[in-house]
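Using our numbering, you'd call the opening residue of the sequence shown number 1120 and step up by one each time.
What follows is a single structure, written as structure tokens, with notes after it.
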Amino acid sequence: MPLSNYSLEKYTPNTRETVTIMRSSGQNRTNWNLYYLIASIFILVVTLAGCSSESDTDAKPTESPGIHYALARYSQHVTEAGPVDYTDLGHWPPTSGHHWPRWAKCGFYENELPDELVVHNMEHGNIVISYNLVDQNEIDSLKKSFSDIPTSALWGVARFYSRIPEGQISLSTWGVTDSFTDIDTNRIRRFFEAYQGVLGPEKIPCDDHPE
């Protein structure tokens, strides 16, 4: 009769000991493989999460439109007897500094409004569009883009401006300007949405205008 497992375990303890050791070694290898698998999965998940985060950041830029400038050291009301020197700001149109006590009423102007007037608008959180366009069709197109923005009647002033290069359009508010060529209604709308009534120490719509 062949030896049974019982007989082997009973009469040959060395064999039983060997089997037991082999089983214990196999369990250790299994445990280490399991730990390695779990660690690999964890590293993979973290890596994928990082890639997803970078992708989301690239798809959704958080930068606000335009260039932000340092504000003038002083921004007070001054007499209209003479012009204000904005050259120290280093950019045109100026986006802060001394200005006249009055400001421009909302609207689209085909004449040149003084900087001293519209800087006061910027202090109120208004959006000032300065353009140097000579073609009447382009002016009419810009005027339509301006009027298509509903809030332009509350926060917007557009004016001809000879200090910027011909063909340029500059969107300005307190401390910020976005300049470009070619009429871009979406770009103008985004600037309004980002800044109307937001920047400047005073938040006053330009339809609230002393006659």
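We put the CB at the ideal spot given by N, CA and C, even for glycine.
inquiry  = Taking the straight line between their C-alpha atoms, what separation do you get for Y1188 and D1254?
reply    = When only Cα atoms are considered, Y1188 and D1254 end up about 30 Å apart.
request  = Report all residues from its chain with a CB closer than 6 Å to the CB of D1326; omit the five preceding and five following residues, and keep chain order.
outcome  = Cβ-Cβ distances below 6 Å link D1326 to C1225, L1273 in the same chain, with the five nearest sequence neighbours on each side left out; the list follows chain order.
Straight-line Cα distance separating D1234 from P1212 = When rounded, the separation of the alpha-carbon atoms in P1212 and D1234 is 7 Å.
query = First and last residue of the alpha helix (DSSP H) that includes R1306?
reply = Element bounds for R1306: 1304-1314.
ask   = Helix, strand or coil for T1270 per DSSP?
value = In this structure, T1270 counts as coil in the three-state DSSP scheme.
ask   = Alpha carbon to alpha carbon, how far is L1190 from V1203?
value = Taking the straight line from one Cα to the other gives about 15 Å.
key: Sequence-distant residues of the same chain with beta carbon closer than 7 Å to R1309, five excluded per side   = The answer, listed in chain order, is P1184.
query = What first and last residue would you give for the alpha helix (DSSP H) that runs through V1238?
reply = Segment 1234-1242, the alpha helix (DSSP H) holding V1238.
message = Between which residues of its own chain and I1246 is the CB-CB distance below 8 Å, once the five residues before and five after are set aside?
response = Excluding sequence neighbours, I1246 sits near S1271, W1274, G1275, V1276, L1290, S1291, T1292, F1310, F1311, Y1314, Q1315.
key: Helix, strand or coil at T1206 [DSSP, three-state]   = Note: T1206 maps to helix in three-state DSSP.
ask   = Candidates G1209, E1257, N1230, N1240: which alpha carbon is nearest W1219's?
value = Out of G1209, E1257, N1230, N1240, N1240 has the C-alpha closest to the C-alpha of W1219.
ask   = If we ignore side chains and look at the alpha-carbon of each, how far apart do S1264 and S1249 end up?
value = Answer to the nearest angstrom: the Cα atoms are 14 Å apart.
ask   = Within this structure, are the beta carbons of I1288 and L1252 separated by less than 9 Å?
value = Taking a C-beta distance under 9 Å as the contact criterion, I1288 and L1252 qualify as a contact pair.
key: As assigned by DSSP and simplified to three states, the class of I1246   = Secondary structure at I1246: strand, using DSSP grouped into helix, strand and coil.
query = From this set, E1199, T1198, G1216, V1197, which residue's C-alpha is nearest T1206's C-alpha?
reply = When only C-alpha atoms are compared, the closest one is G1216.
Buried versus exposed call for I1186 [16 or more other C-beta atoms within 10 Å across all chains shown] = Note on I1186: under 16 other CB atoms within 10 angstroms of its CB, so exposed under the neighbour-count rule.
query = From what residue to what residue does the beta strand (DSSP E) around T1292 run?
reply = Taken as a continuous stretch (DSSP letters only), the beta strand (DSSP E) holding T1292 covers 1287-1292.
ask   = Alpha carbon to alpha carbon, what distance is there between D1267 and R1278?
value = R1278 and D1267 have their alpha carbons spaced roughly 17 Å apart.
inquiry  = Does E1257 come out as helix, strand or coil in the three-state DSSP assignment?
reply    = In the three-state reduction of the DSSP assignment, E1257 falls in the helix class.
task = Can you give me the Cβ contacts of E1199 inside the same chain, cut-off strictly under 6 Å, excluding the 5 residues immediately before and after it?
result = Here the set comprises W1219.
inquiry  = Let me check one thing: in DSSP terms, what residues is G1319 bridge-paired to?
reply    = None, per the DSSP bridge assignment.
key: Secondary structure of S1281, DSSP reduced to three states   = DSSP places S1281 in coil when its eight states are reduced to three.
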